Amino acid sequence: MARTELPRRASSERVARTPCGPPGDGGGDTSQCLPWGVDRVDGDVAHTNGETGNGADIAIIDTGIDDDHPDLQTNVGAGKAYVDCRGRNCNYPWSDDNDHGTHCAGIADAVDNGEGVVGVATEATLHAVKVLDRNGSGSYSDVAAGIEYTADQGWDVSSMSLGGGKSSVVEDACEYAFEKGV
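The sequence shown begins at 22 in the numbering used here and counts up one residue at a time.
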């Protein structure tokens, strides 16, 4: 569709809730959702097979994690901040003042508690590595430092959902983490 063919505004006057529920129930229950990304990587199959991520450590290198989020709070472990939290709900320097890191953490490891969403893993330990500020901005050097920090901790997975151009500093940090088994 050409840009000129796009409508100027939506004509719908109401919002409909999309029914979804716990993995494998076929939908219809709005208490818990299997996010698209979790479904895309067959997270529901892992759940059915009893794979929970128990004992694994997942670093979320992003804007931090909301440690009070009901789908995450039981899974949040240690954190580190390269950029301070400046929002109103900053329990730790690595707390999320943007919500993007919390969203990413939920995809990776939201608990299966019958409410909200469920992650790919449900019992791994999440670690916030805050390298982006409340605007979602940061420096390549902070991102690289966060990557190297997670590698030095011996954690199993480092997850990043970032944009930006090419950076040899970040590439070197990724290579370092790869060599350390992350």
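For every residue, glycine included, the Cβ atom is placed at its ideal position computed from N, Cα and C. Just so we're clear, the structure is a prediction, and the values are computed from it rather than from any experiment.
Query: Three CB pairs or more closer than 8 angstroms across the region 154-163 and the region 134-146; Result: no
Query: Endpoints, the alpha helix (DSSP H) within which aspartate 130 is located; Result: 121-130
Query: Burial state of aspartate 118 (16 or more Cβ within 10 Å); Result: buried
Query: Residue range of the unbroken alpha helix (DSSP H) whose run includes serine 162; Result: 161-174
Query: Euclidean distance between Cα positions of lysine 201 and aspartate 83; Result: 20 angstroms
Query: Reference aspartate 89, options Gly184, Ala80, Ala172 and Asn110, closest by Cα; Result: Asn110
Query: Pick from Thr69, Trp57 and Val104 that is closest to glycine 159, judged by C-alpha positions; Result: Val104
Query: Buried versus exposed, by CB contacts within 10 Å (16 or more), lysine 151; Result: buried
Query: Range covered by the beta strand (DSSP E) that runs through valine 104; Result: Segment: none, valine 104 is in no beta strand (DSSP E) and carries neither H nor E.
Query: DSSP three-state assignment for aspartate 193, whether helix, strand or coil; Result: helix
Query: The region 167-181 / the region 72-80 touching (three or more Cβ pairs under 8 angstroms); Result: yes
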